[in-house]
Amino acid sequence: MLSPKQLEELRDEFRKIVRENNLDGLILADIEGLPLVSYIQQEEASEDTLAAAGAAIFTAGLMTVSDAGKRGLDQVVLHSPDGYIIYTQVTDDLVLGVLSPADAKLGILRMLIKSLQEKIQKMA
Numbered sequence: 000m001l002s003p004k005q006l007e008e009l010r011d012e013f014r015k016i017v018r019e020n021n022l023d024g025l026i027l028a029d030i031e032g033l034p035l036v037s038y039i040q041q042e043e044a045s046e047d048t049l050a051a052a053g054a055a056i057f058t059a060g061l062m063t064v065s066d067a068g069k070r071g072l073d074q075v076v077l078h079s080p081d082g083y084i085i086y087t088q089v090t091d092d093l094v095l096g097v098l099s100p101a102d103a104k105l106g107i108l109r110m111l112i113k114s115l116q117e118k119i120q121k122m123a
């Protein structure tokens, strides 16, 4: 599990990434749906709801993929007219959520996710 110092470091990193890349937010939750660290620019967005929904959606995705005879699940992408929410499993216990506006470039988002994934895996 991540230490309080590591979580604070991630919060600073999340803030920097969100601001530099015009994202709506980032959230890291455990697989049970408890938020560990986040930086979300939209006041109406609930950290608790995003964390719980992310864990539930990712778990449902894993079961669906398994039932379809496929191996593993990299990401669950939710797309709305207002943007994307992308959930990615970082470790067996951690799920990363990226909230972005509709004009975000998916290639850039995937690059950011990969970079954060590697950083968090090294910390965990």
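FYI, the numbering for the sequence shown is 0 to 123, going by numbering that gives the first Met the number 0. Ideal Cβ placement from N, Cα and C applies to all residues, glycine included.
C-beta contact flag for residue i and residue j at 8 angstroms
| i | j | result |
| --- | --- | --- |
| LEU115 | ASP23 | no |
| GLY106 | LEU25 | no |
| GLU31 | ALA54 | yes |
| VAL89 | GLN40 | no |
Residue i versus the options, residue with shortest Cα-Cα distance
| i | options | result |
| --- | --- | --- |
| TYR38 | GLY60, GLU8, ARG70, ALA59 | GLU8 |
| ILE56 | ALA44, LYS4, ASP73, LYS69 | ASP73 |
| MET0 | LEU111, ASP91, ILE85 | ASP91 |
| ILE112 | GLY71, PHE13, GLU43, LEU49 | PHE13 |
| ILE84 | PRO3, SER65, LYS104, ASP66 | LYS104 |
Buried or exposed (CB count within 10 angstroms, at least 16 for buried), residue i
| i | result |
| --- | --- |
| THR87 | buried |
| PRO34 | buried |
| ALA101 | exposed |
| ALA50 | buried |
Beta-carbon separation (whole angstroms), residue i vs residue j, contact threshold 8 angstroms
| i | j | result |
| --- | --- | --- |
| ALA128 | VAL94 | Outside the shown range of the chain, which is 0 to 123, sits residue 128, and nothing can be said about it. |
- Query: Which residue spans inside the segment 3-88 form an unbroken alpha helix (DSSP H) run of at least 4?
  - Reply: Here the runs fully enclosed are 3-19, 46-66.
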